[in-house]
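Student:
In our numbering, the protein residues as written are 58 to 342.
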């Protein structure tokens with residue numbers, strides 16, 4: 058209780074610097090949370106697009122289906138291979154177009170045996186397609202998803218930029234908290250010296266500043282969550298309204314994001330308060 062009381066008194070003693078730190082941290086945490094949600098959602102979209110990306114390998118009529126399948130599965134960069142014999146392909150086509158079944162009884166099956174190949178990485182689909190073309194018995198190789206490839210490349214660049222922004226926001230919050238704690242320490246310099254002289258433990262001296270950091274960063278996290286979550290839900294709702302097929306984060310995901318933000322806030326507050334007060338004790342020693 059002593060540490061919590063002293064932390065609250067320190068915040069009240071310096072309302073301007075405390076409010077400045079709280080506001081700065083709240084803005085940083087808001088941008089941090091929105092950036093994290095954006096990155097997470099972008100990964101969901103890219104993952105869904107990558108799951109639909111595949112390479113169709115059409116075999117010649119005299120090709121050995123088993124040998125071609127084994128060669129495709131051993132090709133570097135291939136994650137999975139689905140074999141579609143020409144009979145199965147014709148049956149699937151006949152289910153969609155019943156008239157084809159009647160014609161197929163009179164004519165030879167014109168469809169080739171097909172291998173549907175899933176690449177291990179979406180950005181290597183062109184390279185995998187070229188390797189598959191070299192397999193004996195392959196007549197043609199086709200793949201779509203060029204838009205998906207562009208999305209993957211764009212996502213990689215956006216991810217790097219967003220992570221750099223996140224790192225700078227964390228540093229900004231951390232040093233802002235440390236500055237406020239240092240101001241609190243300077244205002245209590247004489248009191249701290251007396252406490253050291255009378256034999257106060259390091260924990261008794263350090264804990265109030267650790268709690269002060271806690272209070273500032275967790276308060277900022279509350280404000281950030283109160284702003285960022287409604288903003289995200291509104292934007293994602295509008296996105297789904299125009300593009301219903303786009304996956305968005307659900308309530309459980311948002312709750313997990315807020316929990317992560319609070320853990321980060323606690324860590325920044327605790328470490329900032331501890332480092333500032335520890336440095337002051339070393340100076341006074």
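Each residue gets a CB set at the ideal place from its N, CA and C atoms; glycine is no exception.
Of all the options 232, 329, 229 and 219, which has the alpha carbon lying nearest to the alpha carbon of residue 97?
Tutor: On the chain shown, residue 97 is found 40 positions in, with the first residue counted as 1. Of 232, 329, 229 and 219, the residue nearest in Cα terms is 219.
Student: By the 10 Å Cβ neighbour count, where 16 or more other Cβ atoms means buried, how is residue 269 classified, buried or exposed?
Tutor: For the purposes of this step, residue 269 is identified with residue 212 of the chain shown, where counting begins at 1. Residue 269 is buried by the Cβ-count criterion.
Student: Taking 8 Å as the threshold, find out whether the stretch 226-243 comes into contact with the stretch 320-337 through three or more Cβ pairs.
Tutor: The stretch 226-243 vs the stretch 320-337: in contact.
Student: Could you pull out every residue in the same chain whose Cβ sits closer than 7 Å to the Cβ of residue 76, ignoring the five residues on either side in sequence?
Tutor: Locating residue 76 in the chain shown gives position 19, where the first residue counts as 1. Taken in chain order, the list of residues that qualify is empty.
Student: Kindly indicate which three-state DSSP category residue 171 falls into: helix, strand or coil?
Tutor: As a position in the chain shown, residue 171 is number 114, starting the count at 1. Residue 171: strand per DSSP, three-state reduction.
Student: Would residue 126 and residue 88 be called neighbours here (beta carbons separated by less than 8 Å)?
Tutor: Numbered from its first residue, the chain shown carries residue 126 at position 69. Numbered from its first residue, the chain shown carries residue 88 at position 31. Not in contact: residue 126 and residue 88 (Cβ atoms no closer than 8 Å).
Student: Out of 264, 297, 73 and 79, point me to the one whose CA is closest to residue 230's CA.
Tutor: For the purposes of this step, residue 230 is identified with residue 173 of the chain shown, where counting begins at 1. When only C-alpha atoms are compared, the closest one is 79.
Student: Look at the alpha carbon of residue 132 and the alpha carbon of residue 118, and state the distance between them as a whole number of angstroms.
Tutor: Position 75 of the chain shown holds residue 132. Position 61 of the chain shown holds residue 118. Those two C-alpha atoms are separated by around 22 Å.
Student: Throw me the rounded Cβ distance for the residue 129 and residue 114 pair, which I believe falls under 8 Å.
Tutor: In the chain shown, the residue the question calls residue 129 occupies position 72. In the chain shown, the residue the question calls residue 114 occupies position 57. Yes, residue 129 and residue 114 are in contact; Cβ-Cβ is about 6 Å, under 8 Å.
Student: Using the Cα positions of residue 134 and residue 110, report the straight-line distance between them to the nearest angstrom.
Tutor: The count along the chain shown starts at 1 and reaches residue 134 at position 77. The count along the chain shown starts at 1 and reaches residue 110 at position 53. Each residue's alpha carbon lies about 13 Å from the other.
Student: Please state the DSSP three-state secondary structure of residue 96.
Tutor: As a first step, residue 96 is located in the chain shown; it is residue number 39 there, counting from the start. Residue state, collapsed to three classes: helix.
Student: Quick one: residues in its chain with C-beta nearer than 6 Å to the C-beta of residue 90, no 5 flanking neighbours on either side, listed in chain order?
Tutor: The sequence position of residue 90 within the chain shown is 33, counting from 1. Cβ within range, chain order: 281, 285 and 318.
Student: Where does residue 1 land, buried or exposed, given buried means 16+ other C-beta within 10 angstroms?
Tutor: Since the first residue shown for the chain is 58 and the last is 342, residue 1 is missing from the structure and cannot be characterised.
Student: Residues in the same chain with beta-carbon distance under 7 Å from residue 197, minus the five sequence neighbours each way, listed in chain order, please.
Tutor: Along the chain shown, read from residue 1 onward, the residue named residue 197 stands at position 140. If we look at residue 197 and ignore the five residues flanking it on each side, its Cβ neighbours are 115.
Student: Does residue 217 come out as helix, strand or coil in the three-state DSSP assignment?
Tutor: Your numbering for residue 217 matches position 160 in the chain shown. Residue 217 falls in the helix class under three-state DSSP.
Student: What residue range is occupied by the uninterrupted beta strand (DSSP E) comprising residue 197?
Tutor: By 1-based counting over the chain shown, the position of residue 197 is 140. Run containing residue 197: 195-200, per the beta strand (DSSP E) assignment.
Student: Between the C-alpha atoms of residue 181 and residue 216, what's the straight-line distance to the nearest angstrom?
Tutor: For the purposes of this step, residue 181 is taken as residue 124 along the chain shown, with counting starting at 1. For the purposes of this step, residue 216 is taken as residue 159 along the chain shown, with counting starting at 1. C-alpha separation (whole angstroms): 19 Å.
Student: Check the DSSP bridge columns for residue 238 and list the partner residues they point to.
Tutor: On the chain shown, position 181 is the one that residue 238 refers to. BP columns for residue 238 are empty, so no partner.
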